Amino acid sequence: MENSKRRFLKGTCALFAGATGASLLATVNASEGAKAESDIKYAMIHDETKCIGCRACEVACRETNQVPEGVSRVRIEQTGPFGEYPNEYYHFSRVSCQHCEDAPCVNVCPTGAAFIEKETGIVSVNAWKCVGCQYCIAACPYKIRFINPVTHAADKCDFCRETNLAQGKQPACVEACPTKALVFGNLKDPTSELVQVLRANPTQRAKVALGTRPKLFRILAKSGEVIL
Amino acid sequence: MSALHFDTLVWHWPIAIYLFLAGVSAGAMFFAVLLKHFVLKQNAYQSGFIRAACIVAPVAVMAGLGILVADLTKPLDFWKILVFYNPKSVMSMGVLILLIYQVFMFMWIGLIFRKPVDAWCESRFPIVLKLTALLARFEATITGLLVILSLALGAYTGFLLSALPGYPMLKNPVLPLLFLASGLSSGAASSLLGGVLMNGKPNDKEVHFIHKVEIPLILVEIVLIFTFFMGLVLTGGQSKMAAFNALGYGFWGWIFWVGIIGLGLSGPLAMNLFMTTTSKRKWAYVAGTACLSLIGVLLLRNFILYTGQMTIA
Chain A
1265 MENSKRRFLK GTCALFAGAT GASLLATVNA SEGAKAESDI KYAMIHDETK CIGCRACEVA
1325 CRETNQVPEG VSRVRIEQTG PFGEYPNEYY HFSRVSCQHC EDAPCVNVCP TGAAFIEKET
1385 GIVSVNAWKC VGCQYCIAAC PYKIRFINPV THAADKCDFC RETNLAQGKQ PACVEACPTK
1445 ALVFGNLKDP TSELVQVLRA NPTQRAKVAL GTRPKLFRIL AKSGEVIL
Chain B
548 MSALHFDTLV WHWPIAIYLF LAGVSAGAMF FAVLLKHFVL KQNAYQSGFI RAACIVAPVA
608 VMAGLGILVA DLTKPLDFWK ILVFYNPKSV MSMGVLILLI YQVFMFMWIG LIFRKPVDAW
668 CESRFPIVLK LTALLARFEA TITGLLVILS LALGAYTGFL LSALPGYPML KNPVLPLLFL
728 ASGLSSGAAS SLLGGVLMNG KPNDKEVHFI HKVEIPLILV EIVLIFTFFM GLVLTGGQSK
788 MAAFNALGYG FWGWIFWVGI IGLGLSGPLA MNLFMTTTSK RKWAYVAGTA CLSLIGVLLL
848 RNFILYTGQM TIA
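Chains as they are written, first to last, in the numbering used here: chain A, 1265 to 1492; chain B, 548 to 860.
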């Protein structure tokens, strides 16, 4: 018994030593990569006081990013009507990826198909690497991920990373918005319109208590439903 | 809102069956090691209960993985999970544990059946004898690591769900412990059921041993379920809502109170208490309690998976 205990301990210790060495190497490599931090971090503001609910953003996104019918990367959620005739109004809020700094979808993805682009901070999906386990869809607290019926991979808003942004343009929804309710820009550039608007207005982000640090800001319309 | 189809439901019943089967496999291996070391010692391979465990464990874990792969939206791309790893992902680390667990499981099973395997291969494939001799040199290490890996696998089934921040009921630190305890008891039950279906006698010393471990295990499970829901209620907010949504009236309330608490936990507990460890056991009694335990654990997996996804943060 003594002998077998010792052998077990020896074997286990050897295994753990190997595993620790390997993981140490991995962390050293990772920290070296993190040193060169990029000076771009994209974010977006949805000004609900300007949004009229025309859904031009939804259409433009679908067209630009070839999003199939039945699913969508961006949606305008309409609540209301509030108030009394003739002063009735609706409340519109944007439902799309919040591009979290600490993204649960990226943390849970077993293959690394869900990733944060280091240069821009955009949360994106590598459709080829995705196996469709739907762990990310379950993990996302904002429930904005879906399986693309054409590629069978997880899909969502990527700030038009592969389409408009790659061509040096603003994201499709921003370009399409007739009331300029959407502002897109670089959080790390103090002169950008995005930072100016953020400084001048009180903004909110959804479910910050979960520690996800989302980068979709909203300027709340002052009117609407009071929810306790 | 229907009990089985609702908007926030992402993972449906195949995942619950996978979690159940992984737990059964881990529990069966865990109890097989305990049986060999504390009850049977040498010649363990002659016991019907060890044989049952050695069949149930590999079949369950492979069937579970098969279900998991079939449930992917791209089943043919499953190999990418084996090639690309993400150290932050519970699922990715679980795949790693599953792979290593299976290696040690087969090595340990090979060691258990060393005598008959050696006898059969002696004249036919003498090279196999060298292999089993090599395995036997590391028997202590293999056994020890198999115990650790089976406990890790049992806990992993819970961590898989508790890594989902969007569902307050699942994001619960008690869940891995609860799934570990219920997984172990389902493994014990499947070994008992398989054992009496094969050549095991319902009054063998293996049955007495497992039943003796089962009472504290069921009590621990009840305490863990209580802590699980107390934790949710005391956390407040959406967590409290989630607990009330799950335990209230309706389909899942019935499943919980009648199926899990009644049949799955109180049933075997009462039968174990009425039947003291010394009295004689009948076939129907052993098979019956084992079936109740298994049904209870399968219902628990489905209950947690579905009700957990009903309420979002």
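Ideal placement from N, C-alpha and C gives every residue a C-beta, glycine not left out.
Source: prediction; values computed, not measured.
Anyone know if the C-beta pair for residue 611 (chain B) and residue 737 (chain B) falls short of 9 Å? no
What residue range is occupied by the uninterrupted beta strand (DSSP E) comprising residue 1357 (chain A)? 1353–1359
Reducing DSSP to helix, strand and coil, say where residue 1387 (chain A) ends up. strand
Give the single residue among B:821, B:744, B:722 and B:817 whose Cα lies nearest to the Cα of residue 775 (chain B). B:722
Tell me whether the beta-carbon of residue 802 (chain B) lies closer than 9 Å to the beta-carbon of residue 726 (chain B). no
Spatial distance of residue 1332 (chain A) from residue 1423 (chain A) (CA atoms): 17 Å
Can you check which of these residues, B:607, B:732 and B:568, is closest to residue 758 (chain B) by C-alpha distance? B:732
Listed from N- to C-terminal order along the chain, which residues in the stretch 1380–1397 of chain A have their beta-carbon within a distance smaller than 8 Å of any beta-carbon of chain B? 1393, 1394, 1395, 1396 and 1397
Check whether the stretch 1322–1332 of chain A and the stretch 1425–1443 of chain A touch, using three or more Cβ-Cβ pairs below 8 Å as the test. yes
Looking at the structure shown, is residue 631 (chain B) part of a helix, part of a strand, or coil, going by DSSP? coil
By Cβ distance below 8 Å, which residues in the same chain neighbour residue 702 (chain B) in space, the five residues on each side in sequence not counted? 723, 724, 726 and 727
Note down the Cα distance separating residue 589 (chain B) from residue 661 (chain B), rounded to an integer number of angstroms. 11 Å
Go through its chain and collect everything with a Cβ distance to residue 1353 (chain A)'s Cβ below 7 Å, but skip five positions before and after it. 1344, 1345, 1346, 1347 and 1487
Contact under 9 Å by Cβ, residue 1478 (chain A) with residue 639 (chain B): no
Between residue 732 (chain B) and the ligand FMN, is the CB less than 8 Å from at least one heavy atom? Here there are no bound small molecules, and the ligand FMN is not part of this structure.
Given residue 497 (chain B) as reference, the closest of B:770, B:771 and B:789 once Cα atoms are compared: Outside the modelled stretch of chain B, which goes from 548 to 860, sits residue 497 (chain B), for which no answer is possible.
Could you tell me if residue 585 (chain B) is buried or exposed, where buried requires 16 or more neighbouring beta carbons within 10 angstroms of its beta carbon? exposed
So, are the CB atoms of residue 1381 (chain A) and residue 1425 (chain A) less than 9 Å apart? yes
Closer than 7 Å, Cβ to Cβ, to anything on chain A: give me those residues from the stretch 635–661 of chain B, in chain order. 635, 636, 637, 638, 639 and 642
Assuming residue 1378 (chain A) and residue 1389 (chain A) form a contact by the criterion Cβ under 8 Å, report the distance between their Cβ atoms to the nearest whole angstrom. 6 Å
Quick one: does residue 723 (chain B) have its CB under 9 Å from some CB of chain A? no
Using beta-carbon positions only, say whether residue 734 (chain B) and residue 577 (chain B) come within less than 9 Å of one another. yes
Whole angstroms are fine: how far does the CA of residue 625 (chain B) sit from the CA of residue 650 (chain B)? 19 Å
Could you tell me whether any Cβ in chain A is nearer than 9 Å to the Cβ of residue 624 (chain B)? yes
Would a C-beta distance cut-off of 9 Å place residue 807 (chain B) and residue 772 (chain B) closer than the cut-off? yes
Chain B within 9 Å of residue 1271 (chain A), Cβ atoms only: yes
Please decide whether residue 1297 (chain A) counts as near chain B, where near means a Cβ-Cβ distance under 9 Å. Since pLDDT at residue 1297 (chain A) reaches only 49, below the 50 mark, its modelled position is unreliable, and no value is offered.
For residue 853 (chain B), the nearest candidate out of B:688, B:717, B:837 and B:675 (CA to CA): B:717
Exposure label - residue 710 (chain B); buried when at least 16 CB within 10 Å: buried
Where residue 627 (chain B) meets chain A, residues with beta-carbon distance less than 7 Å: 1375, 1393 and 1395
Grab the span of the alpha helix (DSSP H) containing residue 832 (chain B) for me, first residue to last. 830–855
Quick one: what does DSSP say residue 1430 (chain A) is sitting in, helix, strand or coil? helix
Which residues in chain A have a C-beta closer than 8 Å to the C-beta of residue 712 (chain B)? List them in chain order. 1368, 1403, 1405, 1474, 1475 and 1476
Cutoff 6 Å; reference residue 699 (chain B); Cβ partners in own chain excluding five residues on either side: 644
Flag residue 558 (chain B) as yes if its beta-carbon sits less than 9 Å from any beta-carbon of chain A, otherwise no. yes
Could you run through the stretch 579–594 of chain B and flag, in chain order, every residue whose CB is less than 9 Å away from some CB of chain A? none
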